[in-house]
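> Structure below; questions to follow.
Residue numbers (UniProt numbering): 1 to 345.
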């Protein structure tokens, strides 16, 4: 039976890179005999402009009924001071779908080492995964703001920590069998619970090594010795900050995909970069992160690791052939980059 994939092209360069991703999806699907149908829906700023709501009910219902969701990008400066903003739709979508785990692979392509702000010997061999808890913690706690006082509540329970830990350990089992759990247990009560649960979950994975790092130490090591990591797992706030720090290692956001998983429902795949409205419509957006998000979807939602590998190899071959978009130091357009990758599938 054909898999249902909901696409949310969104704003800015979103429609351009979504088109690229779907072209790679179509070619790969034909090669491996994968049957699917696309249901394109409005989301973000484009939905606000049409309906006054960044997440229309039709879009939400389609997402809930899908097998996987592809999101390109949302947002525009014109909404920065608005009452209704595209990001509100994303937060609600995550909540409605129960997307509690955000997965970001961090890998340095050999051909792009020159873009990294770090020395080549430091980034040699960097290949790790960030696992961030997405629906708990201080972002979702109680917030109060008075004239002379403010309060934000950081709240986690055993169930929330256990399920994100299991994601991290299961991921590590398929990789280098090492989990780094990041907390601030020398100060925070939530981190003391976090560490205790991590130790408990680790007992079920004797083949995986667990180490603990305080968040400030981890932030330092990510710059001085990033190749030491395999899977990093942490809470919402720390994960937000550390995953953005990790995105600096490759020297560009244009090659980094991500996935968000729920316990039982569909997962969502998206590039980590924004909507880049300043270059929208110019045909120069880098489609690689969207294309690699498609690869993640094949592997993690449809258990088609071979398809994912085909796409990843094609991207690497394209780089080896010296084809790069402007943000990567080349001159290829979005279309040229996409076609080069397709020719290497």
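All residues carry an ideal CB built from backbone N, CA and C; glycine is no exception.
1. Can you tell me the Cα-Cα spacing of residue 271 and residue 74, whole angstroms?
2. Which residues does DSSP pair with residue 144 in a beta bridge?
3. Going by alpha carbons, who is nearest to residue 334 out of 321, 316, 15?
4. Are residue 201 and residue 165 close, meaning C-beta to C-beta below 7 Å?
5. Return the residue from the list 285, 235, 250 that minimises the CA-CA distance to residue 227.
6. Would residue 311 and residue 285 qualify as a contact pair, given that the criterion is a beta-carbon distance under 7 Å?
7. Check whether the region 301-315 and the region 25-34 are in contact - that is, three or more C-beta pairs closer than 8 Å.
8. List the endpoints of the continuous alpha helix (DSSP H) containing residue 299.
9. Using CA atoms only, rank isn't needed, just tell me which of 196, 237, 332, 262 is closest to residue 167.
10. What are the uninterrupted segments assigned as beta strand (DSSP E) that are 3 or more residues long and contained completely in the region 217-304, given in chain order?
11. Starting from residue 102, follow the beta strand (DSSP E) in both directions and report where the run begins and ends.
12. Using 8 Å for Cβ pairs, my map puts residue 337 next to residue 21. What's the rounded Cβ distance?
13. Can you tell me whether residue 143 is buried or exposed? The criterion is at least 16 other CB atoms within 10 Å of its CB, across all chains shown.
14. For residue 210, which of 235, 179, 191 has the nearest alpha-carbon?
15. Would you kindly check if the distance between the Cβ of residue 45 and the Cβ of residue 79 is under 7 Å?
With the given structure in hand:
1. Taking the chain shown and counting its residues from 1, the one referred to as residue 271 is at position 271. Taking the chain shown and counting its residues from 1, the one referred to as residue 74 is at position 74. Straight-line Cα distance between these residues: approximately 11 Å.
2. Residue numbering aside, residue 144 sits at position 144 when the chain shown is read from its first letter. For residue 144, which the question treats as bridged, DSSP gives the partners 151.
3. Start at 1 with the first residue of the chain shown, and residue 334 comes out as number 334. The residue with the shortest Cα to Cα distance from residue 334 is 15.
4. Here residue 201 refers to the residue found at position 201 of the chain shown. Here residue 165 refers to the residue found at position 165 of the chain shown. Closer than 7 Å, so yes.
5. Taking the first residue of the chain shown as 1, we reach residue 227 at position 227. The shortest Cα separation from residue 227 among 285, 235, 250 belongs to 250.
6. Taking the first residue of the chain shown as 1, we reach residue 311 at position 311. Taking the first residue of the chain shown as 1, we reach residue 285 at position 285. Not closer than 7 Å, so no.
7. yes
8. Working through the chain shown from its first residue, we reach residue 299 at position 299. Start and end: 288-300.
9. Your numbering for residue 167 matches position 167 in the chain shown. Checked all of 196, 237, 332, 262; the closest Cα to residue 167 is 262.
10. 231-234, 257-261, 267-271
11. Mapped onto the chain shown, residue 102 falls at position 102. That run of the beta strand (DSSP E) goes 101-107.
12. Translated into the one-based positions of the chain shown, residue 337 becomes position 337. Translated into the one-based positions of the chain shown, residue 21 becomes position 21. Actually they are not in contact, since the Cβ atoms of residue 337 and residue 21 sit about 12 Å apart, beyond 8 Å.
13. In the chain shown, residue 143 corresponds to position 143, counting from 1. Classification for residue 143: exposed.
14. To locate residue 210, count along the chain shown from 1; it is residue 210. Nearest of 235, 179, 191 to residue 210, Cα basis: 179.
15. For the purposes of this step, residue 79 is taken as the residue at position 79 of the chain shown. For the purposes of this step, residue 45 is taken as the residue at position 45 of the chain shown. Yes, the Cβ-Cβ distance between residue 79 and residue 45 is below 7 Å.
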